[in-house]
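Just so you know, the protein sequences line up as chains A and B, in that order.
Positions 1 to 69 (full-length UniProt numbering) are the ones given, in order, by the first sequence.
Positions 1 to 492 (full-length UniProt numbering) are the ones given, in order, by the second sequence.
All C-beta atoms in this analysis are idealised placements derived from N, C-alpha and C, irrespective of residue type, glycine included.
Values in this document were obtained by computation on a predicted structure and should not be read as measured data.
Step one of this worksheet: look at the structure below.
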Amino acid sequence: MREELNGILGWVDQLNEVDVTDVPPMIGTGLAMPRQREDVVTDGDKREAILSNAPDRVGPYFTVPKVVE
Amino acid sequence: MHDLTLAAARKALRSRSLSSVELTDHFLSAIEKHDGQINAYITVTPEPARKAARAADALLAEGDAPALCGLPLGVKDLFCTSGTKTTAASNILRDFVPPYESTVTSNLLADGAIFLGKTNLDEFAMGSTNMTSAFGPVTNPWRRAGSDAKLVPGGSSGGSAAAVAAGLALGTTGTDTGGSIRQPAAYCGITGVKPTYGRCSRYGTIAFASSLDQAGPMARTLEDCAILLESMAGFDPRDSTSVDRPVPRYEDALERGAKGLRVGIPREYRTDTLPEEIAALWDEGIAWLRDAGAEIVDVSLPHTKYGLPTYYIAALAEASSNLARYDGVRFGARVEADTLDELYEATRHAGFGEEVRRRILMGTYVLSSGYYDAYYLRAQKVRTLIQRDFLSAFETVDVLLTPTAPSAAFAHEERPTDPVQIYLNDIFTVPASMAGVPALSLPAGLDRSGLPLGLQLIGRYFEEETLFAAGRVMEKAAGFTHRPALHAGAVA
């Protein structure tokens, strides 16, 4: 895998040929208007749905190995 | 029934010469008989499909049926479907059952579509061969003349493409991040449309590279794709990149013709390594449009060669960030361990396949503080230059015509082992993805060994209708009626 990753990095190095002076980074297409919505709850009461795919749960909680000694 | 297009099936259902139950049963039994050889589906849902077909027939009988009422489709297993397993072809989501529905599939269901099941793909849509699926590779229904070698269907929407080609669905949904609709459509001899970024909602579509991912239809014909896209598209407040524009009736654009259309031929796509037969087919496509009254214009997209490396930096960076959510705690597979860190490590090591791991590692690397400017920021700047290439070409031309892929489908065992060589399959599809402009692939002819080849049309933002019109001219001229060796009709 290390060799493959080096191969990919060597290949993308060709971007160094490109003159990007004063070129802004493309963040998006600029087509979607930023929008605001009312700061109110629009969804909720989905506890069982949210927990329905938990690999392990105790009551309404996800579980993890003990993290505090 | 094997050769029905979606449009013809719609007509037959409306005239009541065919019922949705008959149609759905036909596809379910075709899947049962033939999908063992193709592996286009990860999950088949016969019972919900039959139940929905009965309901559709009731609506059709009343005469007030929605647009797609009773039409059986396949859904790429990247779209969350409420109550139906959605795996992204990954072991980490092998048993994931979404409690909600993606917007695209909600739209299709609201229009009365029947879902036959979930189609196979490269794991997390990362690949161009459909060989990275945790549920086994998909086999292209096409064979080279005189050969039994199993060919790849392309990817990542390889199951969706193979299902349509083999007559195992009237149409399917795909997603395209760097060519994942167009390249498999070309390899399987079908039609696929990647709309403008923001046309179809990403809500509920498992994310690969969020600034590139875009859903689109895959089907036998442009008319079928037009019908499906009208249903799939539309503004969705739940996707911040969704664009609030009315959805046109794409079908109405199909017969507009190409008279007076200015068609650009980007000279950088005529690479030294382009096979002669693909170059010849491209020339044929140019002639079809010219004969229909289009003006052919030589154009330059000077940053074309940087499209692929830019794509791999941007897409992998976004992937590494998006896939951080698979932690074995809230959903998905978990490998137990003594500490939380070990749980994360063991879960992600076991859950992700090799290509996904490679991409997460690369993406994390290009985003790391020491390398962010050198790789990620530079790539985002080159992306601006690629977008400018398209915007400036579209000042003089209406559409661009190119080949879809630099080769026909290749055999499973011919797949290159060098990841960079595999990435090169997407050389002609990636630039349009980077710019976010719409593009489609349609089957235009066969190569010497009898395999389908596709041509690609690229258009201005939100001018899918122009693509449908120009594409329809080419579709008629190509008269592509070839069928693959493995086809529900041929082997029945």
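Exposure of A/ASP39, with buried meaning 16 or more beta-carbon neighbours within 10 Å
Within the first sequence, the letter at position 39 stands for residue 39 of chain A. Residue burial annotation: A/ASP39 is exposed, with fewer than 16 other C-beta atoms found within 10 angstroms of its C-beta.
For a contact meaning CB atoms closer than 8 Å, what does A/GLU4 contact in chain B?
Taking the first sequence and counting its residues from 1, one reaches residue 4 of chain A at position 4. Within chain B, the residues near A/GLU4 are ARG358, ASP418 and PRO419.
Less than 6 Å between C-beta atoms, sequence neighbours within five positions excluded: which residues of the same chain meet that for B/ALA492?
Translated into positions along the second sequence, residue 492 of chain B becomes position 492. Because B/ALA492 carries a pLDDT of 44, less than 50, the predicted location of this residue cannot be relied on, and the following value inherits that uncertainty. Same-chain partners within the cutoff: there are none.
Inter-residue CB distance, B/LEU13 and B/ALA186 (contact presumed, cutoff 8 Å)
Residue 13 of chain B sits at position 13 when you count from the first residue of the second sequence. Residue 186 of chain B sits at position 186 when you count from the first residue of the second sequence. That belief does not hold up - the Cβ atoms of B/LEU13 and B/ALA186 are roughly 30 Å apart, past 8 Å.
Any C-beta of chain A under 8 Å from that of B/GLN387
Residue mapping note: residue 387 of chain B aligns to position 387 of the second sequence, counting from 1. For B/GLN387, the answer is yes, since a Cβ of chain A falls inside 8 Å of its Cβ.
Report buried or exposed for B/ARG202, applying the criterion of at least 16 other Cβ atoms within 10 angstroms of its Cβ.
In the second sequence, the residue the question calls residue 202 of chain B occupies position 202. Buried, because 16 or more other Cβ atoms sit within 10 Å of the Cβ of B/ARG202.
Straight-line gap, B/ALA485 to B/PRO406 (C-alpha atoms, nearest Å):
Here residue 485 of chain B refers to the residue found at position 485 of the second sequence. Here residue 406 of chain B refers to the residue found at position 406 of the second sequence. B/ALA485 and B/PRO406 have their alpha carbons spaced roughly 23 Å apart.
Contact set for B/ASP213: own chain, Cβ-Cβ below 7 Å, skip 5 residues either direction:
In the second sequence, the residue the question calls residue 213 of chain B occupies position 213. THR175, THR177, ARG202, THR205 and ALA207, listed in sequence order.
Measuring only the C-alpha atoms, how far is B/ARG270 from B/LEU457?
Taking the first residue of the second sequence as 1, we reach residue 270 of chain B at position 270. Taking the first residue of the second sequence as 1, we reach residue 457 of chain B at position 457. Whole-angstrom Cα-Cα distance: 15 Å.
Integer-rounded CB distance, given that B/GLY167 should sit under 8 Å from B/ARG182:
Here residue 182 of chain B corresponds to residue number 182 of the second sequence, with the count starting at 1. Here residue 167 of chain B corresponds to residue number 167 of the second sequence, with the count starting at 1. Contact doesn't hold; Cβ gap of about 21 Å is too wide.
DSSP three-state call for B/LYS51: helix, strand or coil?
In the second sequence, residue 51 of chain B corresponds to position 51, counting from 1. Residue state, collapsed to three classes: helix.
Please confirm if A/GLY44 has its CB atom under 8 Å from at least one CB of chain B.
For the purposes of this step, residue 44 of chain A is taken as residue 44 along the first sequence, with counting starting at 1. Output row for A/GLY44: interface = no.
9 Å Cβ cut-off: residues of chain A touching B/TYR306
Mapped onto the second sequence, residue 306 of chain B falls at position 306. Here the neighbours are GLN14, LEU15, GLU17 and VAL18.
What does the Cβ neighbour count give for B/LYS76, buried or exposed, with the cut at 16 atoms within 10 Å?
Indexing the second sequence from 1 puts residue 76 of chain B at position 76. Result: buried.
Beta strand (DSSP E) segment containing B/LEU401, residue limits:
Sequence index remark: in the second sequence, residue 401 of chain B carries index 401 (1-based). For B/LEU401, the uninterrupted beta strand (DSSP E) segment begins and ends at 399-403.
For B/LEU194, does the count of other Cβ atoms within 10 angstroms reach 16, so buried, or fall short, so exposed?
Against the second sequence, residue 194 of chain B aligns to sequence position 194. According to the sequence as given, residue 194 of chain B is Lys; it is not Leu. With 16 or more other Cβ atoms within 10 Å, it is buried.
If the cut is a Cβ gap below 8 Å, which residues of chain B does A/VAL40 touch?
The sequence position of residue 40 of chain A within the first sequence is 40, counting from 1. Think of a sphere of 8 Å around the beta carbon of A/VAL40: no beta carbon from chain B falls inside it, the nearest being about 13 Å out.
Would the segment 377-396 of chain B and the segment 15-27 of chain A be scored as touching if the rule is three or more Cβ pairs under 8 Å?
The segment 377-396 of chain B and the segment 15-27 of chain A touch, with no fewer than 3 CB-CB distances between them shorter than 8 Å.
Roughly how many angstroms lie between the CA atoms of A/TRP11 and B/THR273, to the nearest whole one?
Here residue 11 of chain A refers to the residue found at position 11 when the first sequence is read from its first residue. Here residue 273 of chain B refers to the residue found at position 273 when the second sequence is read from its first residue. The straight-line gap separating the alpha-carbon atoms of A/TRP11 and B/THR273 is approximately 18 Å.
Check whether the segment 344-361 of chain B touches the segment 99-119 of chain B, taking contact to mean three or more Cβ pairs, one atom from each stretch, closer than 8 Å.
By the C-beta criterion, the segment 344-361 of chain B is judged not to be in contact with the segment 99-119 of chain B, since fewer than 3 inter-stretch pairs fall below 8 Å.
Can you find a CB in chain A that lies within less than 8 Å of the CB of B/THR466?
Position 466 of the second sequence, counting from 1, holds the residue named residue 466 of chain B. No - not a single Cβ of chain A is within 8 Å of the one on B/THR466.
Taking 8 Å as the cut-off, decide whether the C-beta atoms of B/LEU261 and B/ALA470 are in contact.
Counting from 1 along the second sequence, the entry for residue 261 of chain B is found at position 261. Counting from 1 along the second sequence, the entry for residue 470 of chain B is found at position 470. Yes.
Does A/GLY7 come out as helix, strand or coil in the three-state DSSP assignment?
The residue given as residue 7 of chain A occupies position 7 in the first sequence. In this structure, A/GLY7 counts as helix in the three-state DSSP scheme.
Helix, strand or coil for B/PHE124? Go by DSSP, reduced to three states.
Counting from 1 along the second sequence, the entry for residue 124 of chain B is found at position 124. Correct three-state label for B/PHE124: helix.
Would you report the Cα separation of B/LEU109 and B/THR103, rounded to the nearest angstrom?
For the purposes of this step, residue 109 of chain B is identified with residue 109 of the second sequence, where counting begins at 1. For the purposes of this step, residue 103 of chain B is identified with residue 103 of the second sequence, where counting begins at 1. About 10 Å.
How is the beta strand (DSSP E) around B/GLY471 delimited, first residue to last?
Position 471 of the second sequence holds residue 471 of chain B. Element bounds for B/GLY471: not the beta strand (DSSP E) but the alpha helix (DSSP H), 464-478.
Count the other CB atoms within 10 Å of the CB of B/VAL243; is the residue buried (16 or more) or exposed (fewer)?
Numbered from its first residue, the second sequence carries residue 243 of chain B at position 243. With a threshold of 16 other beta carbon atoms within 10 Å, B/VAL243 meets it and is buried.
Using a Cβ-Cβ distance under 8 Å, would B/ASP122 count as near chain A?
Within the second sequence, residue 122 of chain B is the residue found at index 122, counting from 1. By this cut-off, B/ASP122 is not an interface position.
Identify the residues that DSSP records as bridge partners of B/ARG262: which are they?
Sequence index remark: in the second sequence, residue 262 of chain B carries index 262 (1-based). Paired residues: B/GLU295.
Proximal chain B residues relative to A/PRO25, where beta-carbon distance stays under 8 Å
To locate residue 25 of chain A, count along the first sequence from 1; it is residue 25. Against A/PRO25, the close residues of chain B are LEU377, GLN380, LYS381, ARG383 and THR384, in the order they occur along the chain (beta-carbon pairs closer than 8 Å).
From B/ASP95 to B/CYS200, what distance separates their C-alpha atoms?
Numbered from its first residue, the second sequence carries residue 95 of chain B at position 95. Numbered from its first residue, the second sequence carries residue 200 of chain B at position 200. About 27 Å.
Within 8 Å (strictly less), CB to CB, does B/ALA88 reach chain A?
Indexing the second sequence from 1 puts residue 88 of chain B at position 88. When Cβ-Cβ separations below 8 Å define contact, B/ALA88 makes no contact with chain A.
Give the interface partners of A/VAL67 over in chain B, defined as CB-CB distance under 7 Å, in chain order.
The residue labelled residue 67 of chain A in the question sits at position 67 within the first sequence. Ordered by position in chain B, the residues that pass the 7 Å Cβ test against A/VAL67 are LEU340.
Fully enclosed by the segment 417-465 of chain B, which beta strand (DSSP E) runs are 3 residues long or longer?
Complete beta strand (DSSP E) runs here, min 3: 439-446 and 452-459.
Once the 5 residues before and after B/GLY459 are set aside, which same chain residues still bring their CB inside 6 Å of it?
If you number the second sequence from 1, residue 459 of chain B lands on position 459. Only VAL399, PRO438, THR466 and LEU467 meet the Cβ criterion.
Distance, Cα to Cα, A/VAL68 vs A/PHE62?
Reading the first sequence from its first residue, position 68 is the one you call residue 68 of chain A. Reading the first sequence from its first residue, position 62 is the one you call residue 62 of chain A. Straight-line Cα distance between these residues: approximately 16 Å.
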